[in-house]
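*Asks:* Handing you this structure, nothing more for now.
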């Protein structure tokens, strides 16, 4: 292609374009101005860039001069940090000219940064926006206006957003009558409505979740159609913006439904944006064009490259998903040209808006349009307001039809928008940076991206992901519910599991099933009449049998060695991976866990298997101690003996599997006692291990009543290790019992106990509430708050209290409550009647101790309890001290961060905790002072992943090392040192690792 | 020097010499012969060489064809191992020609290796030796005869050795009358007695110990003078051999005293060997020559290079001592020439025997003698029998006066001698290998060693030790008692400490001394009337005070951070290092620990300080978990809180310091309760920490009666960690008490408990008894067996039983018993009257349960108990099960290794254990099956060093990770994971360690 005549023409046009604007630079790079200087510094100094962008992000929250000064100092005042003079003056406080100057400088910094934002935003309110629009139009540009806003976390906010659009449209309707059209005729360019708006789906519905595709689509349309109706009424155009990849398919579906519905199908004023950087877009564009053709519905596409590249890449990496975007910029550029051609070829059915600041991309679109004889009224060009001014000017000269994407809104969301624009301008590969700052050779700048790619491939720098060594642990990817086939797998699995309800589950001891007379029924907590299974119950006789079986299995299992034992775990992981949806479905029905979280639980079980397998191989290879010649000292680890695993029901597969897998791979046969309410899921663990071929007696399934066999199991002299996860009270009982040496007991028992939590999230006055609200909601109410890591206290610093609480309560009010089976429900029933009673008791108490802000109505029938938020709580209150294990959130108001930390630490527990703050100093303070095993900075306090977030607390939250961490297996083993004297007759072979001469 | 005319002459002569023998090769390298083939293989294949030499070593113990076959298979039969065909045939058993051939081949291998030994030994008894001597003399050589023997581990063996010399001399006396002299006159060469013997000092006294210089010298002379007297009686010459460096100064002293004593001073028939490879030898030769001149006593020196290079180097490295030998062969060669010149220059007072096979060295001696006009009757040449035959032949031609060093004796010690000779022949740098195998260019072979050295220096390959990175942990060197100044430091320190006895020691809490009314006296167990100190005793009130002080100190100490806390430990180590002799002396007097072991205890304390300091720095640096972009997860560790350290008296400084240092450096303030009988030593630990400047309250010294404050301390809710070392009974009590959660207790207590042992050493039928006896004796009786690691059972496989027991009992009978103050005593008193009573009770029991083989008489006055060895013990006996903690050794006889391991494992304990075996398979079996925390192969079971031998057991021997090992500090800390979400507004700084695209 690179030698085609088209390409030559594109190159030619690009160069001419570029030369026509030479000497000009976008204002953001203008070094004569403050912003230009700071941008220049950012591009030379990555750490400063990070600090600057973060500071920009937090700036709107800094409402007092004290707070402003403090943040400037924290962000830019570190010793040895390279920052521009202009920042230093502020940061040093008492710099040249004393304190006053410092204060003044801080105000200058603020006003300059606010100025930067204004560069990209047409106004903070409708009035000023209209003024700018007027100016834009005067300059010969059309516009599309977009309302900036905070993230929409509640239906109230979504409704408000809708309201704002209606207001905007009304104002435009009023104003536009005074405008003259651009070009000839009534309409702009002769065919385009004078008013054009852009809307973001995520702003119009607070509960979008790819897991629940249908409700998400419906929720968006419910409000978007109101906006569109209004737009049509005034003959305005509307374009649906494309946001994160997560919402892509939902957005496409919203577009199709809106476009095709009876009410709107005769109007072609609705467009959609598509992102060329997505690997899906080739297919998506083709499909959409085909759909338009099939339905005879003209459409309109704004093609952009995409603005969330960093985010999409990081999120995919964090989740173990395929990266949805191209990882080499030239690939995106090439895709943009490919998509441009495809759309232009279909110009009869699709209007094309070319959204790019890249001169090569623009020129390509122009040349292709020419080559394909696309009529002028079938395409236009769009650039962002405030960006690449020389380009837009050049474009206007050459193409005529240029629309500015023009956001307006508050400074607060404006700053987030600013960060995105700054990133775009300053990225190493940015066309603008390359063109106007780096002054890359024009030949290179304008070359066919396919050629750029070819060169990159030849140099070995391809877009392929870095290869990981095969044996490195990686987490099992989370379920990517954007994929329809994954959603279908869930519904299929639920149907399949429902076919298998009500079976009887025998014990399994020494490789044999054993049916007992005593049994309990495990039920669906959302519909207690539905029996999940009948589970046999062990008496002390069966415990004796199981201990004997384990004893028999011990020496053979121990002798197998670390690698061979690890192989069984890997095999079990493979098996679980294959059944992941079925295993998840069992959890949805037996414990009422929501789809995504059920899947995450199974994924965590797989992680434990894979991680502990690798850990055992690591720990199992003898470590040479010292380097003295003439002796070889090897430190190794050997199994303790028989392990009792006493598991909870809340992470019914993950924790059961983690504790068991650790014990097993370390060489200890296991007696596994699942929790009563999740015994059927416990049986699925047995099935996995059976299928993996574990020798008889290595894993024994012995559900039973704690009152009947609990103490007996713990005190059994032949049980050497006890892994327990559950309540503090039971934990204390086990620890005490296990410490008493029984007659015939061969060794001191090791107890690994994970107990409760009373976890707090601190909201600092500069917290990013968009993030904080969502994360608090999830941490407190996901799986009904039945996680030891769940947030049960939120501690809010007073300046931000009202705003936070208001949004929080609204967000919590927006959640759907009902059976976990239905993915539209955010919250379901609690585990059983006992739990229900206990939690209801705490809710009554909360009403006495504080002021209830929210107590949701819940469905009847299942074991539901109201989602409750109570404020006015202080450390003296019982609801601030005791673990409730339900969806009850205590709100505590404090004056400052120190009190927040003090209150956070004021319980017996020390499991998890979070802080949302954008103050580097406050985050550091939390690192040191916030006394919990798992501390999270700017994220929620649940959802620890194996290896990445080794999990476990101290104080009364537990003893023992963190699950999923590098010290965990040590607890199931005894260290052994073998020292061989290798000198014989004065002669010692010298090893390479010896400390020798 | 290299251009001097002398050097040219030496080169010239060397080359001529070499050419004169060209075409001949020493028989050992003769590839036509079996030995030559095997040697050839060894030199090409280092692993085979190791196996071969080890096999040679064990061969004399292989008395049955089954045993022979098994060892051949184990040594040479491994898959993938490269061994010569001739070995394979044996090793494969049923190889070509079936089993019979295999068996036959094994016999061939044995006879060939025995043949190798015979190459270097003139006979296995006097008769055959005399026959060979006759032949030697017939060939024109004189001789010096030496009796090979096993190591002398008892006075009985020393006496036997003396007897053998007397027999040899008698036989020679009888025979030599029939000999004709070599050369003219009655004497050989006209001046040399016909009979010449060489004696090894270590053979004549079993208790040589550099620590006790005087007794060692006296002990050797006592028997050596008898031999010499007999030699003089028949006008024979005698030469004292020089052995390991450890005995060098003792041997020189023996020589001087023998030479100068009234009885012998008029005779100059006594010579001594000196080793040029020792760095000391320049001084030693000068001093000895000066001494001879001062005393007007003509002397005689046999100069050799030295044959224990590997051993000396390894031992020095293992002990952290300066390497006493030159580490570059050319340095030794140059020293040999230097020493040769020095001796020849003094030929008026010193006769010179040049002992070398190196043609350059020999030629240098000849040329120097010529240059210095040394009379012919003032020097001779010596070579080893069986070595370098072409050289000896050439020498005879050129120099005339050549003496063969001619060992005779049993095959068993003969094999050890063979290994030494094989090493000498096959070392890479060996002159013989270079000359006759590698065929190195003659110019190089014969060049001045100074030139060789110069070249090596220029190439960067110098003799300097490899540099260690500064921050790498290395053990505090053991006391090198060969140094007179170190011995003096000990006597001085004892005198100094004795000046300071009887003081009163207050408690120390929160930086203040606190005197209590209750106190106890700590006494010298060897002389209970001697009060070491009066020690104040804490009541529960003082425990409350100390807990409060620790609580006050906690947050500041924690906040200090790992590196700063570690610095205090390093400082404490420096302080202890400076006071090492004084600290040792306190132990000698307060607990009756022998010098070397007292020093080792202080050294271990220093090691703990240095090691845990480094460990804390290692663990203190946050570890990044996972590599996902957009999050930084750091795993760190934080202190648990207040630690109680409950210490034993047997390692009074080391264990106290180790447990305290670990707790402290991890950030936990300590309440330290020393054991009653070692409370004054405990106070020295306080003094060290005080001098290091530990903040008040971080280390609190609270000695007290366990009955008064023990439970209170353990149960105190504010005590979060308990580090205990002591008996199993107390351990169980503490573990049980600590597990009960007290009201107000903030967290579950962590107990680190090292309890008892009932340690066994297994003696396999192919054990090297020379090593085994010494190590069993030391493991069982050093410090009176009062170590938790001490050997209290020796399990002997029947074929070797009689021989082992006989030598063991004789060795134990040879030990001196008395106060530890006197370094001649191997064993001292036990700690106190209670211990004495308990142990005496067990001795009574032993008499009932088994047959007492030895029950030594002991001094009266102190708390002595008889050293006791009892046989006929089986696992059912109480003395085979309970920890005695005294010098009582149970001997258990078993049929084979499997029973040995079964019996070794038949107690409740699992602390230490050893096996002496030269069967690779049996060693492997032990690695897997011998169920102890510290397993030693071919060494004793005590004396674990920090880092190299992390220490601690399982079963009822302890819980918790090994002291001095990489997991130890974890026990005093809680892990904390801090996960920071670094994404803000979709933008995450990418870290270098991220798993990024």
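Protein chains in written order, with this note's numbering: chain A, 26 to 1022; chain B, 26 to 1022. We treat Cβ as the ideally placed atom computed from N, Cα and C, and that holds for glycine.
Between which two residues does the alpha helix (DSSP H) containing residue 839 (chain A) stretch?
*Replies:* Translated into the one-based positions of the first chain, residue 839 (chain A) becomes position 814. Premise fails: residue 839 (chain A) is in no alpha helix (DSSP H) and is neither H nor E.
*Asks:* Express the C-alpha separation of residue 942 (chain A) and residue 948 (chain A) in angstroms, rounding to a whole number.
*Replies:* Position 923 of the first chain, counted from the start, is the residue given in the question as residue 948 (chain A). Position 917 of the first chain, counted from the start, is the residue given in the question as residue 942 (chain A). Cα to Cα, residue 948 (chain A) sits roughly 7 Å from residue 942 (chain A).
*Asks:* Would you check if the distance between the CB atom of residue 774 (chain A) and the CB atom of residue 804 (chain A) is smaller than 9 Å?
*Replies:* As a working note, residue 774 (chain A) is residue 749 in the first chain. As a working note, residue 804 (chain A) is residue 779 in the first chain. In this structure, residue 804 (chain A) does not lie closer than 9 Å to residue 774 (chain A) by Cβ.
*Asks:* What residues in the segment 1001-1012 of chain B have a beta carbon less than 7 Å from any beta carbon of chain A?
*Replies:* 1001, 1002, 1003, 1004, 1005, 1006, 1008, 1009, 1010, 1011, 1012
*Asks:* Beta-carbon within less than 7 Å of residue 1015 (chain B)'s beta-carbon, same chain only, minus the 5 sequence neighbours each way: which residues are those?
*Replies:* The sequence position of residue 1015 (chain B) within the second chain is 990, counting from 1. Counting only Cβ-Cβ distances below 7 Å, and skipping sequence neighbours, we find 654, 1021.
*Asks:* What residues from chain A crowd round residue 980 (chain B), counting only those whose CB sits closer than 8 Å?
*Replies:* Locating residue 980 (chain B) in the second chain gives position 955, where the first residue counts as 1. For residue 980 (chain B), the residues of chain A that pass the 8 Å Cβ criterion are 771, 772, in the order they occur in the chain.
*Asks:* Hey, would you say residue 784 (chain B) sits closer than 9 Å to residue 575 (chain B), going by beta carbons?
*Replies:* For the purposes of this step, residue 784 (chain B) is taken as residue 759 along the second chain, with counting starting at 1. For the purposes of this step, residue 575 (chain B) is taken as residue 550 along the second chain, with counting starting at 1. Cβ distance not < 9 Å, so residue 784 (chain B) and residue 575 (chain B) don't count as in contact.
*Asks:* Measure the CB-CB distance between residue 937 (chain B) and residue 956 (chain B) and report whether it falls below 9 Å.
*Replies:* By one-based count along the second chain, residue 937 (chain B) stands at place 912. By one-based count along the second chain, residue 956 (chain B) stands at place 931. No, the pair does not count as a contact, with Cβ atoms beyond the cut-off.
*Asks:* Looking at chain A, is there any beta carbon in it that lies within less than 9 Å of the beta carbon of residue 48 (chain B)?
*Replies:* For the purposes of this step, residue 48 (chain B) is identified with residue 23 of the second chain, where counting begins at 1. No, residue 48 (chain B) lies away from the interface with chain A (no Cβ there is under 9 Å from its Cβ).
*Asks:* In the DSSP output, which residue or residues are listed as bridge partners for residue 299 (chain A)?
*Replies:* Along the first chain, read from residue 1 onward, the residue named residue 299 (chain A) stands at position 274. According to DSSP, which records beta bridges pairwise, residue 299 (chain A) is partnered with A:328.
*Asks:* Flag this pair as touching only if the segment 222-234 of chain A and the segment 247-254 of chain A have three or more C-beta atom pairs under 8 Å; answer yes or no.
*Replies:* yes
*Asks:* What residue range does the beta strand (DSSP E) around residue 10 (chain A) cover?
*Replies:* Absent from the structure is residue 10 (chain A), since the part of chain A shown begins at 26 and ends at 1022.
*Asks:* Just how far apart, CA to CA, sit residue 155 (chain A) and residue 264 (chain A)?
*Replies:* To locate residue 155 (chain A), count along the first chain from 1; it is residue 130. To locate residue 264 (chain A), count along the first chain from 1; it is residue 239. Residue 155 (chain A) and residue 264 (chain A): Cα-Cα distance of roughly 19 Å.
*Asks:* Mind listing the chain A neighbours of residue 477 (chain B)? Cutoff is C-beta to C-beta under 7 Å, in chain order.
*Replies:* On the second chain, residue 477 (chain B) is found 452 positions in, with the first residue counted as 1. Neighbours of residue 477 (chain B) on chain A: none; closest Cβ ~17 Å, over 7 Å.
*Asks:* CB-CB under 6 Å to residue 806 (chain A), same chain, minus the five flanking residues each way: which ones, in chain order?
*Replies:* Reading the first chain from its first residue, position 781 is the one you call residue 806 (chain A). So the list reads 852, 892, 912, once near-sequence residues are dropped.
*Asks:* Applying the 10 Å Cβ sphere with the 16-neighbour rule, what's the burial state of residue 1007 (chain B)?
*Replies:* Within the second chain, residue 1007 (chain B) is the residue found at index 982, counting from 1. Buried, by the Cβ-count rule.
*Asks:* Shorter than 9 Å from the beta carbon of residue 777 (chain A) to some beta carbon of chain B?
*Replies:* Translated into positions along the first chain, residue 777 (chain A) becomes position 752. At a cut-off of 9 Å between beta-carbon atoms, residue 777 (chain A) makes no contact with chain B.
*Asks:* Residue 375 (chain A) lies in the alpha helix (DSSP H); which residues open and close that run?
*Replies:* Within the first chain, the letter at position 350 stands for residue 375 (chain A). No alpha helix (DSSP H) contains residue 375 (chain A), which is instead part of the beta strand (DSSP E) from 375-380.
*Asks:* Excluding sequence positions up to five away, which residues of its chain have a Cβ less than 8 Å from the Cβ of residue 994 (chain A)?
*Replies:* Your numbering for residue 994 (chain A) matches position 969 in the first chain. Scanning its chain for C-beta atoms nearer than 8 Å, with the 5 sequence neighbours on each side dropped, one finds around residue 994 (chain A) the residues 637, 640, 641, 644, 662, 687, 690, 691, in chain order.
*Asks:* Between the segment 733-760 of chain B and chain A, which residues of the former have CB atoms less than 7 Å from a CB of the latter, in chain order?
*Replies:* Near chain A, meaning a CB-to-CB distance below 7 Å, the residues of the segment 733-760 of chain B are 757, 760.
*Asks:* Residues of chain A with CB under 8 Å from residue 958 (chain B), in chain order?
*Replies:* Taking the first residue of the second chain as position 1, residue 958 (chain B) is located at position 933. Here the neighbours are 999, 1000, 1001, 1002.
*Asks:* Starting from residue 264 (chain A) and walking both ways along the beta strand (DSSP E), at which residues does that stretch end?
*Replies:* Here residue 264 (chain A) refers to the residue found at position 239 of the first chain. Its beta strand (DSSP E) spans residues 262-265.
*Asks:* Quick one: which unbroken alpha helix (DSSP H) runs of 4-plus residues sit fully inside the segment 54-88 of chain A? Chain order, please.
*Replies:* Listed in chain order, they are 59-69, 71-83.
*Asks:* Hey, which unbroken runs of the alpha helix (DSSP H) at 4 residues or more fall wholly within the segment 145-216 of chain A?
*Replies:* 151-163, 180-201
*Asks:* Tell me the DSSP secondary structure of residue 276 (chain B) in three-state form.
*Replies:* Working through the second chain from its first residue, we reach residue 276 (chain B) at position 251. Residue 276 (chain B) falls in the helix class under three-state DSSP.
*Asks:* Within 10 angstroms of the Cβ of residue 422 (chain B), are there 16 or more other Cβ atoms? Answer buried if so, exposed if not.
*Replies:* Locating residue 422 (chain B) in the second chain gives position 397, where the first residue counts as 1. Exposed.
*Asks:* What in chain A is Cβ-close to residue 78 (chain B), meaning under 7 Å?
*Replies:* Taking the first residue of the second chain as position 1, residue 78 (chain B) is located at position 53. Here the neighbours are 1012.
*Asks:* CA-CA distance, residue 208 (chain B) and residue 214 (chain B)?
*Replies:* Within the second chain, numbered from 1, the residue matching residue 208 (chain B) stands at position 183. Within the second chain, numbered from 1, the residue matching residue 214 (chain B) stands at position 189. If you draw a straight line from the Cα of residue 208 (chain B) to the Cα of residue 214 (chain B), it comes to about 5 Å.
*Asks:* Quick check on residue 650 (chain B): does DSSP put it in helix, strand or coil?
*Replies:* Your numbering for residue 650 (chain B) matches position 625 in the second chain. Coil.
*Asks:* Quick check on the DSSP output: the beta strand (DSSP E) that includes residue 312 (chain A) runs from which residue to which?
*Replies:* Position 287 of the first chain, counted from the start, is the residue given in the question as residue 312 (chain A). Note, residue 312 (chain A): premise wrong, no beta strand (DSSP E); alpha helix (DSSP H) at 306-320.
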